[in-house]
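K.L.:
Sharing a structure below in structure tokens format, with a few things to ask.
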Amino acid sequence: MTLITLIEIMAILVGAFSGFIEARRKRMDLVGVFTVAFITAFGGGTLRDILLDRRPLFWVTHQEYAILIFVLALMAAPLIRTLRQIVSERLIVVADAVGLGLFSIAGVASALEAHMPIFIASMMGVITGIFGGVLRDIVCNEVPMVFRDGKPYAICAFIGSWMYLIMKKFGADPDLALWSSATVISGLRLLTWKFDMRMGRS
Amino acid sequence: MTLITLIEIMAILVGAFSGFIEARRKRMDLVGVFTVAFITAFGGGTLRDILLDRRPLFWVTHQEYAILIFVLALMAAPLIRTLRQIVSERLIVVADAVGLGLFSIAGVASALEAHMPIFIASMMGVITGIFGGVLRDIVCNEVPMVFRDGKPYAICAFIGSWMYLIMKKFGADPDLALWSSATVISGLRLLTWKFDMRMGRS
Amino acid sequence: MTLITLIEIMAILVGAFSGFIEARRKRMDLVGVFTVAFITAFGGGTLRDILLDRRPLFWVTHQEYAILIFVLALMAAPLIRTLRQIVSERLIVVADAVGLGLFSIAGVASALEAHMPIFIASMMGVITGIFGGVLRDIVCNEVPMVFRDGKPYAICAFIGSWMYLIMKKFGADPDLALWSSATVISGLRLLTWKFDMRMGRS
Numbered sequence: 054m055t056l057i058t059l060i061e062i063m064a065i066l067v068g069a070f071s072g073f074i075e076a077r078r079k080r081m082d083l084v085g086v087f088t089v090a091f092i093t094a095f096g097g098g099t100l101r102d103i104l105l106d107r108r109p110l111f112w113v114t115h116q117e118y119a120i121l122i123f124v125l126a127l128m129a130a131p132l133i134r135t136l137r138q139i140v141s142e143r144l145i146v147v148a149d150a151v152g153l154g155l156f157s158i159a160g161v162a163s164a165l166e167a168h169m170p171i172f173i174a175s176m177m178g179v180i181t182g183i184f185g186g187v188l189r190d191i192v193c194n195e196v197p198m199v200f201r202d203g204k205p206y207a208i209c210a211f212i213g214s215w216m217y218l219i220m221k222k223f224g225a226d227p228d229l230a231l232w233s234s235a236t237v238i239s240g241l242r243l244l245t246w247k248f249d250m251r252m253g254r255s
Numbered sequence: 054m055t056l057i058t059l060i061e062i063m064a065i066l067v068g069a070f071s072g073f074i075e076a077r078r079k080r081m082d083l084v085g086v087f088t089v090a091f092i093t094a095f096g097g098g099t100l101r102d103i104l105l106d107r108r109p110l111f112w113v114t115h116q117e118y119a120i121l122i123f124v125l126a127l128m129a130a131p132l133i134r135t136l137r138q139i140v141s142e143r144l145i146v147v148a149d150a151v152g153l154g155l156f157s158i159a160g161v162a163s164a165l166e167a168h169m170p171i172f173i174a175s176m177m178g179v180i181t182g183i184f185g186g187v188l189r190d191i192v193c194n195e196v197p198m199v200f201r202d203g204k205p206y207a208i209c210a211f212i213g214s215w216m217y218l219i220m221k222k223f224g225a226d227p228d229l230a231l232w233s234s235a236t237v238i239s240g241l242r243l244l245t246w247k248f249d250m251r252m253g254r255s
Numbered sequence: 054m055t056l057i058t059l060i061e062i063m064a065i066l067v068g069a070f071s072g073f074i075e076a077r078r079k080r081m082d083l084v085g086v087f088t089v090a091f092i093t094a095f096g097g098g099t100l101r102d103i104l105l106d107r108r109p110l111f112w113v114t115h116q117e118y119a120i121l122i123f124v125l126a127l128m129a130a131p132l133i134r135t136l137r138q139i140v141s142e143r144l145i146v147v148a149d150a151v152g153l154g155l156f157s158i159a160g161v162a163s164a165l166e167a168h169m170p171i172f173i174a175s176m177m178g179v180i181t182g183i184f185g186g187v188l189r190d191i192v193c194n195e196v197p198m199v200f201r202d203g204k205p206y207a208i209c210a211f212i213g214s215w216m217y218l219i220m221k222k223f224g225a226d227p228d229l230a231l232w233s234s235a236t237v238i239s240g241l242r243l244l245t246w247k248f249d250m251r252m253g254r255s
């Protein structure tokens with residue numbers, strides 16, 4: 054298993070986990086738990102691919118991820134309390150930040166491949182990074198957290214996406230551009246978490 | 054008119070009817086009543102076709118169904134109270150179960166035609182069967198009923214979808230596979246309704 | 054700059070402005086303000102293009118509009134109160150009515166180009182005209198205003214869309230059909246506003 058597959062699985066698991074917790078808070082049944090976890094993990098990338106008209110979707114060609122979330126949902130009800138005790142807050146935040154960086158840069162890269170103009174490409178990065186959570190909150194009948202808690206998820210994704218776009222523009226090595234931008238996003242997110250930095254509300 | 058057209062119309066009418074009732078509960082106007090009924094009847098299949106990138110959509114090539122819901126919405130306001138008295142609870146549950154079976158198997162079959170992997174095909178069956186109601190509840194600003202009431206709609210759709218997939222795998226006659234799986238879904242749904250079986254919540 | 058570009062920009066600005074106000078009411082942060090404004094301005098056309106499978110999307114080929122909304126969102130927090138005092142209620146209603154007319158007819162025209170049947174084309178007109186606001190309300194966790202306040206937005210869009218379809222059917226000049234139908238929609242909306250006409254609720 055390569056490093057990128059491992060990180061990918063971690064990012065999906067973190068997305069699914071946040072979906073489990075939200076579904077549980079809403080006292081959903083098994084069907085809700087699976088669906089909400091699935092939407093949280095894959096919603097951002099799916100929305101991006103629909104907007105760009107790219108098919109097949111990621112989770113369609115990799116059905117093993119859908120099956121993984123299905124199995125986890127089956128076990129979630131009894132396990133989730135234990136999991137929350139075992140898995141430290143810190144680990145979740147780190148995995149979440151890594152996922153944000155990876156998903157966002159994957160989104161910008163897809164948009165560039167599809168010849169999107171540059172500002173739209175940066176938007177696709179942010180959409181891929183944050184819309185899983187937005188769709189989760191819409192399904193759970195909440196105002197999306199990322200639009201109102203002032204935590205700079207989207208800002209970090211936006212900055213890193215532009216870094217990637219500028220590096221590509223100036224002919225940087227693709228792998229270097231990808232990894233350094235993703236690292237910047239994750240790093241910024243961790244820094245802003247560490248110092249609890251927030252944007253003001255409107 | 055063939056039997057399948059008749060059942061199709063019944064399934065759409067049941068979807069639309071459940072949309073009418075929900076829109077009315079939310080005190081919506083004519084525009085809301087039509088839109089919510091339309092979304093309930095066609096939302097599941099439309100979402101599936103967008104995910105699979107199939108066009109034209111079902112209701113686009115059969116505009117007579119859209120017109121039918123439009124005419125019903127125009128008449129709904131005065132009629133709905135009368136309708137609820139004439140139409141027994143039992144008839145609605147039966148029609149709903151028949152619709153669930155039919156829509157779900159139509160969803161799996163479409164996914165197989167589009168060469169989806171097997172687990173994804175079963176998910177498309179469930180999506181087609183239940184997402185009309187999910188989208189209805191999202192538009193009506195509710196946590197989707199099917200995610201929290203523990204009634205095994207999705208489970209029945211899932212079991213029948215797998216039955217269909219397995220029968221196709223072993224080379225069963227396509228018509229037999231379709232009708233027997235749809236019947237199993239409808240039958241399971243009616244049984245679980247009869248005995249009021251529910252899943253636990255998370 | 055041609056007249057149509059000017060009107061287009063006005064319509065988008067009005068959509069974005071109504072998104073700003075709603076996002077502010079929900080006390081969203083910068084990310085929410087931008088996203089909700091964007092969805093309100095472009096959501097209707099985007100949904101239509103996804104249903105018709107048309108790409109690239111309008112805002113993808115015209116990234117200048119996305120950038121405009123982004124800059125406005127950056128300035129919105131301090132400016133919005135001032136703006137609401139400068140910009141009279143009357144001006145907003147007029148611009149909103151003009152936008153409704155223009156968006157709706159653009160929607161019908163796109164649907165005809167894509168060879169949609171006639172009733173579906175009229176629905177696409179209404180969807181383009183009103184679904185920006187519907188999606189805004191769903192994201193903001195409200196029952197969509199246009200489904201319950203009885204104000205005849207959708208009805209005006211529907212009437213004008215049919216006028217356009219009939220004029221095209223009888224071979225009217227395309228420009229004449231477009232402008233007269235859009236004017237009828239805007240005019241009807243202004244009349245119904247002037248006399249505060251509403252539909253009954255269900």
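Protein chains in written order, with the numbering used here: chain A, 54 to 255; chain B, 54 to 255; chain C, 54 to 255.
Note that CB positions come from ideal geometry on N, CA and C, so glycine has one too.
#1: Starting from Ser-233(B), follow the alpha helix (DSSP H) in both directions and report where the run begins and ends.
#2: May I have the straight-line CA-CA distance separating Phe-70(C) from Gly-186(C), to the nearest angstrom?
#3: Apply the 10 Å Cβ neighbour rule to Asp-149(A) and answer buried if 16 or more other Cβ atoms are within range, or exposed otherwise.
#4: Indicate whether at least one CB of chain A lies closer than 9 Å to the CB of Ala-119(C).
#5: Give the C-beta separation of Asp-82(C) and Met-252(A) to the nearest angstrom, bearing in mind that I take them to be a contact with Cβ-Cβ under 8 Å.
#6: Have a look at Leu-127(A) and Ile-238(B) and give me their C-alpha separation to the nearest angstrom.
#7: One question on the structure: do Val-192(A) and Phe-200(B) come within less than 9 Å of each other, judged by their Cβ atoms?
#8: Which of helix, strand or coil does DSSP assign to Asp-82(C)?
#9: Could you tell me whether the Cβ of Ala-207(C) comes closer than 9 Å to any Cβ of chain B?
#10: Verify the CB distance criterion: does Asp-190(B) have a CB-CB separation below 9 Å to chain C?
#11: Run through chain C and tell me which residues come within less than 9 Å of Gly-186(B), C-beta to C-beta.
#12: Candidates Phe-73(B), Ser-175(B), Leu-153(B) and Phe-95(B): which alpha carbon is nearest Met-216(B)'s?
#13: What is the DSSP secondary structure of Arg-201(B), counted as helix, strand or coil?
#14: Of all Cβ atoms in chain B, is any one closer than 9 Å to the Cβ of Gln-174(A)?
#15: Relative to chain B, which residues along the segment 59-85 of chain A have a C-beta separation below 7 Å, given in chain order?
#16: What separation, rounded to the nearest whole angstrom, lies between the Cα atoms of Trp-246(B) and Pro-227(C)?
#17: Let me make sure I understand the geometry here. Which of Asp-190(B), Phe-184(B) and Met-250(B) has the alpha-carbon closest to that of Ala-79(B)?
#18: Quick check: the segment 205-215 of chain A against the segment 144-164 of chain A, are there 3 or more CB pairs under 8 Å?
#19: Using a Cβ-Cβ cut-off of less than 7 Å, list which residues of the segment 100-126 of chain C approach chain B; keep chain order.
#20: Between Ile-103(C) and Ile-180(A), is the Cβ-Cβ spacing less than 9 Å?
#21: Grab me the residues of Phe-184(A)'s own chain with a C-beta within less than 8 Å of its C-beta, minus the 5 sequence neighbours each way, in chain order.
#22: What does Thr-88(A) touch in chain B if you count any residue whose Cβ is under 7 Å from its own?
#23: Alpha carbon to alpha carbon, how far is Ser-141(A) from Phe-87(A)?
#24: How would you list, in chain order, the residues of chain B whose beta-carbon sits under 8 Å from the beta-carbon of Met-252(C)?
#25: Which chain C residues sit within Cβ distance under 7 Å of Glu-195(A)?
#26: Alpha carbon to alpha carbon, how far is Ile-92(B) from Val-147(C)?
#27: Assign Arg-16(C) to one of three DSSP states: helix, strand, or coil.
#28: So what does DSSP say about Ser-33(B), is it helix, strand or coil?
#29: Report the three-state DSSP secondary structure of Arg-251(A) (helix, strand or coil).
#30: Please report how far the alpha carbon of Asp-202(C) lies from the alpha carbon of Arg-77(A), in whole angstroms.
#31: Is the CB of Ile-139(C) under 9 Å away from at least one CB in chain B?
#32: On the criterion of 16 or more Cβ atoms from any shown chain inside 10 Å, does Leu-244(C) qualify as buried, or is it exposed?
#33: For chain B, check one thing: does any of its Cβ atoms lie closer than 9 Å to the Cβ of Gly-203(C)?
#34: By how many angstroms is the C-alpha of Pro-197(C) removed from the C-alpha of Lys-204(C)?
#35: Can the beta-carbon of Gln-138(C) be found closer than 9 Å to that of Phe-172(A)?
#36: State the Cα-Cα distance for the pair Leu-218(A) and Ala-94(C), rounded to the nearest angstrom.
P.N.:
Taking the structure as given:
#1: Numbered from 1 along the second sequence, position 180 holds the residue referred to as residue 233(B). Here the alpha helix (DSSP H) through Ser-233(B) covers 227-247.
#2: For the purposes of this step, residue 70(C) is identified with residue 17 of the third sequence, where counting begins at 1. For the purposes of this step, residue 186(C) is identified with residue 133 of the third sequence, where counting begins at 1. Cα-Cα distance, rounded: 11 Å.
#3: Locating residue 149(A) in the first sequence gives position 96, counting from the first residue. Result: buried.
#4: Position 66 of the third sequence, counted from the start, is the residue given in the question as residue 119(C). At least one chain A Cβ lies under 9 Å of Ala-119(C).
#5: Here residue 82(C) corresponds to residue number 29 of the third sequence, with the count starting at 1. Here residue 252(A) corresponds to residue number 199 of the first sequence, with the count starting at 1. Yes, they are in contact, since the Cβ atoms of Asp-82(C) and Met-252(A) sit about 5 Å apart, within 8 Å.
#6: For the purposes of this step, residue 127(A) is taken as residue 74 along the first sequence, with counting starting at 1. For the purposes of this step, residue 238(B) is taken as residue 185 along the second sequence, with counting starting at 1. When rounded, the distance between both Cα atoms is 21 Å.
#7: Here residue 192(A) refers to the residue found at position 139 of the first sequence. Here residue 200(B) refers to the residue found at position 147 of the second sequence. Yes, Cβ-Cβ distance for Val-192(A) and Phe-200(B) is below 9 Å.
#8: Counting from one through the third sequence, the residue named residue 82(C) turns up at place 29. Residue state, collapsed to three classes: strand.
#9: The count along the third sequence starts at 1 and reaches residue 207(C) at position 154. Chain B, which has a Cβ nearer than 9 Å to the Cβ of Ala-207(C), makes this yes.
#10: Reading the second sequence from its first residue, position 137 is the one you call residue 190(B). Chain C contact via Cβ: absent.
#11: Here residue 186(B) refers to the residue found at position 133 of the second sequence. Correct list: empty, because the minimum Cβ distance to chain C is about 16 Å.
#12: Translated into positions along the second sequence, residue 216(B) becomes position 163. Ranking the options by Cα distance to Met-216(B), first place goes to Ser-175(B).
#13: Counting from 1 along the second sequence, the entry for residue 201(B) is found at position 148. Reduced to three states, the DSSP call for Arg-201(B) is coil.
#14: Position 121 of the first sequence, counted from the first residue, corresponds to residue 174(A). The identity of residue 174(A) in the sequence shown is Ala, whereas the question assumes Gln. Judged by the 9 Å Cβ criterion, Ala-174(A) is not in contact with chain B.
#15: Ala-76, Arg-77, Lys-79, Arg-80, Met-81, Asp-82, Leu-83, Val-84 and Gly-85
#16: One-based indexing of the second sequence puts residue 246(B) at position 193. One-based indexing of the third sequence puts residue 227(C) at position 174. When rounded, the distance between both Cα atoms is 56 Å.
#17: Here residue 79(B) refers to the residue found at position 26 when the second sequence is read from its first residue. Before going on, a small fix: residue 79(B) reads as Lys here, not Ala. Nearest C-alpha to Lys-79(B): Asp-190(B).
#18: yes
#19: Ile-103, Leu-104 and Asp-106
#20: As a position in the third sequence, residue 103(C) is number 50, starting the count at 1. As a position in the first sequence, residue 180(A) is number 127, starting the count at 1. Their beta carbons are not under 9 Å apart, which means Ile-103(C) does not touch Ile-180(A) by this criterion.
#21: Here residue 184(A) refers to the residue found at position 131 of the first sequence. Cβ within range, chain order: Gly-96, Gly-97, Leu-100 and Arg-101.
#22: Taking the first sequence and counting its residues from 1, the one referred to as residue 88(A) is at position 35. Under the 7 Å cutoff, chain B gives Phe-200.
#23: Stepping through the first sequence from its first residue, residue 141(A) is reached at position 88. Stepping through the first sequence from its first residue, residue 87(A) is reached at position 34. Distance between the alpha carbons of Ser-141(A) and Phe-87(A) is about 23 Å.
#24: Taking the first residue of the third sequence as position 1, residue 252(C) is located at position 199. Here the neighbours are Asp-82, Leu-83 and Val-84.
#25: Walking along the first sequence from the start, residue 195(A) turns up at place 142. Under the 7 Å cutoff, chain C gives Asn-194.
#26: Residue 92(B) sits at position 39 when you count from the first residue of the second sequence. Residue 147(C) sits at position 94 when you count from the first residue of the third sequence. So the two alpha carbons sit approximately 31 Å from each other.
#27: The shown model of chain C, from 54 to 255, leaves out residue 16(C), and the question about it has no answer.
#28: With chain B covering 54 to 255 only, the question about residue 33(B) has no answer from this structure.
#29: Here the question's residue 251(A) lines up with position 198 in the first sequence. Residue state, collapsed to three classes: coil.
#30: In the third sequence, the residue the question calls residue 202(C) occupies position 149. In the first sequence, the residue the question calls residue 77(A) occupies position 24. If you take the alpha carbons of Asp-202(C) and Arg-77(A), they lie about 34 Å apart.
#31: For the purposes of this step, residue 139(C) is identified with residue 86 of the third sequence, where counting begins at 1. No, its Cβ sits nowhere closer than 9 Å to a Cβ of chain B.
#32: Along the third sequence, one-based indexing puts residue 244(C) at 191. By the neighbour-count rule (16 or more Cβ atoms within 10 Å), Leu-244(C) is not buried but exposed.
#33: Residue 203(C) sits at position 150 when you count from the first residue of the third sequence. Chain B, which has a Cβ nearer than 9 Å to the Cβ of Gly-203(C), makes this yes.
#34: The residue labelled residue 204(C) in the question sits at position 151 within the third sequence. The residue labelled residue 197(C) in the question sits at position 144 within the third sequence. Approximately 12 Å between the Cα atoms of the pair.
#35: Stepping through the third sequence from its first residue, residue 138(C) is reached at position 85. Stepping through the first sequence from its first residue, residue 172(A) is reached at position 119. The answer is no: Cβ separation not under 9 Å.
#36: On the first sequence, position 165 is the one that residue 218(A) refers to. On the third sequence, position 41 is the one that residue 94(C) refers to. Each residue's Cα considered, the two are about 26 Å apart.
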